[in-house]
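Asker:
2 protein chains.
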Amino acid sequence: MALQNDLLIRVANGLPVDRPPVWLMRQAGRFLHEYRAVRERAGSFRNMISNPDLAAEVTLQPVELIGVDAAIIFSDILVVPEAMGLPYDMAKGEGPVFNQTVRDEGALLKLKQVEGRSNLDDTFEAIKLVKRDLGGRVPLIGFAGAPWTIFCYMTEGGSSKTYSLAKKMLYTQPDFSHRLLQKITDTTIQYLKGQIQSGVDIVQVFDSWAGLLSREAYQTFALPYLEQIAEAIRDVPVILFPKGAGHCLDLFSGLPCAAVGLDWTTEPELAATCLPQKALQGNMDPSELYANPDVVYARTTSMLDRFPKGRHIANLGHGIAPDLPRESVMAFVQAVKDYRYNR
Amino acid sequence: MALQNDLLIRVANGLPVDRPPVWLMRQAGRFLHEYRAVRERAGSFRNMISNPDLAAEVTLQPVELIGVDAAIIFSDILVVPEAMGLPYDMAKGEGPVFNQTVRDEGALLKLKQVEGRSNLDDTFEAIKLVKRDLGGRVPLIGFAGAPWTIFCYMTEGGSSKTYSLAKKMLYTQPDFSHRLLQKITDTTIQYLKGQIQSGVDIVQVFDSWAGLLSREAYQTFALPYLEQIAEAIRDVPVILFPKGAGHCLDLFSGLPCAAVGLDWTTEPELAATCLPQKALQGNMDPSELYANPDVVYARTTSMLDRFPKGRHIANLGHGIAPDLPRESVMAFVQAVKDYRYNR
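The listed protein sequences correspond, in order, to chains A and B.
The working numbering numbers the first residue of the first sequence as 2 and each following residue consecutively.
The working numbering numbers the first residue of the second sequence as 2 and each following residue consecutively.
(1) Can you give me, in chain order, the residues of the stretch 278-301 of chain B that have a beta carbon less than 7 Å from any beta carbon in chain A?
(2) Can you give me the Cβ contacts of TYR226/B inside the same chain, cut-off strictly under 6 Å, excluding the 5 residues immediately before and after it?
(3) Please list the terminal residues of the continuous alpha helix (DSSP H) segment that includes ALA332/B.
(4) Taking THR274/A as the reference, which of THR163/A, PHE253/A, ALA72/A has the closest Cα?
(5) When DSSP builds the beta bridges, which residues end up paired with GLU72/B?
(6) In this structure, how does DSSP classify ALA167/A when only helix, strand and coil are distinguished?
(7) Under 8 Å: do the stretch 128-145 of chain B and the stretch 97-111 of chain B share three or more Cβ pairs, one atom per stretch?
(8) Going by DSSP, what residue range makes up the beta strand (DSSP E) through ILE203/B?
(9) So, are the CB atoms of VAL81/A and THR188/A less than 8 Å apart?
(10) Can you give me the Cβ contacts of GLY86/B inside the same chain, cut-off strictly under 7 Å, excluding the 5 residues immediately before and after it?
(11) Does the structure place the stretch 10-20 of chain A close enough to the stretch 36-48 of chain A that three or more beta carbon pairs sit under 8 Å?
(12) Just to confirm, are ILE197/B and LEU141/B a CB contact at a threshold of 8 Å?
(13) Could you give the C-beta distance for ALA322/A and PRO269/A, rounded to a whole number, given that I count them as a contact under 8 Å?
(14) Would ASP264/B and HIS313/B be called neighbours here (beta carbons separated by less than 8 Å)?
(15) Flag this pair as touching only if the stretch 158-165 of chain B and the stretch 219-239 of chain B have three or more C-beta atom pairs under 8 Å; answer yes or no.
(16) Could one say the Cβ of SER178/A lies closer than 8 Å to chain C's Cβ atoms, at least one of them?
(17) Could you give the residue range of the alpha helix (DSSP H) that holds MET155/B?
(18) From the beta carbon of THR274/A, is the nearest beta carbon of chain B less than 8 Å away?
(19) Just to confirm the assignment, what range does the beta strand (DSSP E) spanning ALA315/B have?
(20) Which residue comes first and which comes last in the alpha helix (DSSP H) that contains PRO294/A?
(21) Which of the three DSSP states is assigned to ASP134/A in this structure?
(22) Examine chain A for any beta-carbon lying closer than 8 Å to the beta-carbon of GLY143/B, and answer yes or no.
(23) How is MET91/A classed by DSSP in three states: helix, strand or coil?
(24) How about PRO22/A and ALA56/A: do their beta carbons lie closer than 8 Å?
(25) Run through the DSSP bridge pairs and tell me what GLY96/B is partnered with.
(26) With a threshold of 16 other CB atoms inside 10 Å of the CB of GLU83/B, please say whether the residue is buried or exposed.
(27) Curious, which full-length beta strand (DSSP E) runs of at least 3 residues does the stretch 214-271 of chain B contain?
(28) For a contact meaning CB atoms closer than 7 Å, what does GLU328/B contact in chain A?
(29) For the stretch 20-35 of chain B and the stretch 325-340 of chain B, state whether three or more C-beta atom pairs, one from each stretch, are separated by less than 8 Å.
(30) By Cβ distance, which residues of its chain are closer than 7 Å to LEU171/A, with the 5 residues on each side in sequence left out?
(31) Is SER76/B near THR124/B, with beta carbons less than 8 Å apart?
(32) Compute the Euclidean distance between the alpha carbons of PRO243/B and ARG118/A, then round it to the nearest angstrom.
(33) If you measure from the beta carbon of ARG216/B to each beta carbon in chain A, is any gap under 8 Å?
(34) Quick check: the Cα distance between ARG344/A and ASP306/A, rounded to an integer number of angstroms?
(35) Excluding sequence positions up to five away, which residues of its chain have a Cβ less than 8 Å from the Cβ of ALA211/B?
(36) Taking the alpha carbon of GLN5/A as the reference point, which residue from VAL39/A, ALA145/A, THR267/A, VAL139/A has its own alpha carbon closest?
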């Protein structure tokens, strides 16, 4: 089905547009009371992910309530390690907790290849429902975590401030680390291909912990696996989001991806220069959306002015915080929708 | 008393040296079993800080046990908010916890100016003891937290992953934020001057949460206060360490500081170019010290090669982790001590 609003896909493909598309990381999230109502019904975040009807319902909410130019399938980057044999729970206020980790050969060998039915099918099913309900109104974004970021969770067993255990693995067991990163990469490619077969129009890979690595470590342990993913996904455009990796940004110019996400610590002008062939996504600090709607509207317009015309996907530099005022989020979206490149 | 080893001061003052000086952030720390023994005797981290004899004892340990080229007074950046009227505790595994915060006018007005005796005197006393015991062997470094970093703790009331409450204050109450930042700055200058009067030879200002701010926010809410501090401290060299602020690095070229600290996400070559008049400190990822001593030695030498001759203070890019192997820390120090600029 042809898309009625294809702004996001056009920018990713380098085609002309008259304004930037806008979507928001974590747009299906707790800042919407309608989302919280579904979550209450579901009982937990995990239940929402594993129930395609509920996942589809919250995926559609920001399209209908906030008017964004794309939906992003409601899921979690940790479904990939789960599919590989590491189940996890969400602990209140602590984030994910795995009761097994992968720190030695034994654990590495026990990891599963995904064959036949798996938890990933829940996401594929949700994608099909969303595509049906969207009826081509806007594109649907699929996503996965980057191998380095997933490696952090699988080795640490949960969230951490510094992921020093994960980093210790890189420096003390580089061969082991590469083999685990390769297994994650293989499953991630399989997962993204499954999402594309189910109907997503574009995919984003979140490298949330990119900023923890030196440039050299990023080139050794992160970038080659992102490159494999970008090489393997050729049917839809790929957005790579290496959070906190301003020091590695130019390295993405050689990767076959359509767009690169920026957080608010990367200057748009600098990114435009070092990534001349890429669309750029981002990059307002979500904290700026605590300000009142008028201020947010003006600040958003200033941000748009800093990105190259026709090469920008408007977004925040990180996910929406649960307590951000809805009116300010609406002002952000409206400022982008009112913007015109030719005036 | 003249310093026998004045390498650190020479580099900070732009005088020639035949190798870089080396010290380590958190060198008086848990990676030394001798430190853990003192801490056990003291009962708590807080007791060590408020007892000048114990603080002096652990300050001297790395000079004697590891052979670093400088001591840094054992204290905590949070003694400044404490002096301003916000006592805190260290919660096991959680870091500092303040039972009061400063989020409104009332709390701001209640903050104290330091007059007469205060908790800061414990640090001044410890400095005098260390200077006596050092007998000029190596310089003694004093330190304080940067106003933005202290602001984070005073508004949040403890550690946080994103300090989104602190950042919300900047965007919703900018005037209030500036007034609090100014009060912190005033007390910090007073504290650093007291340290200098007590005998420290150089000071470092830690901006641990610099990396959370956009360049524009850093210019508005962080840099002007660092500038005030650097302007006010003229008797000894000042090292500024804006962790995670590679995107703001060039802004430090205009500040009257002697040196700028880098973490491992900033390329030394880039820093040397954008800060041509400054000494540069850093910048190995502490996680690299998990590797075996031979690897650490070689990696350290490679790092030294990347910094400009005579403008480098060898250090890590962050504090030593408690579980780093002592042999590898020793290898880091030895590699610097074996290095020669003219060979």
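Cβ coordinates follow ideal geometry from the N, Cα and C atoms, glycine included.
Answerer: The structure says:
(1) ASP286, SER288, GLU289, TYR291, ALA292
(2) PRO148, LEU182, THR186
(3) 327-339
(4) PHE253/A
(5) The question names Glu, but residue 72/B in the sequence shown is Ala. Note: ALA72/B sits in a beta bridge opposite LEU141/B.
(6) helix
(7) no
(8) 203-208
(9) yes
(10) LYS111, LEU112, LYS113
(11) no
(12) no
(13) Actually they are not in contact, since the Cβ atoms of ALA322/A and PRO269/A sit about 22 Å apart, beyond 8 Å.
(14) no
(15) no
(16) Annotation note: the requested chain C is absent from the structure, which comprises protein chains A and B.
(17) 148-157
(18) no
(19) 313-317
(20) 294-306
(21) helix
(22) no
(23) strand
(24) no
(25) ALA92/B
(26) buried
(27) 239-243, 260-262
(28) Going along chain A, no residue has its Cβ under 7 Å from GLU328/B, so there is no contact; the nearest lies around 13 Å.
(29) yes
(30) SER178, ALA218, PHE222
(31) yes
(32) 49 Å
(33) yes
(34) 12 Å
(35) ALA147, TRP149, THR150, TYR219, ALA223, PRO243, LYS244, GLY245, ALA246, CYS249
(36) VAL139/A
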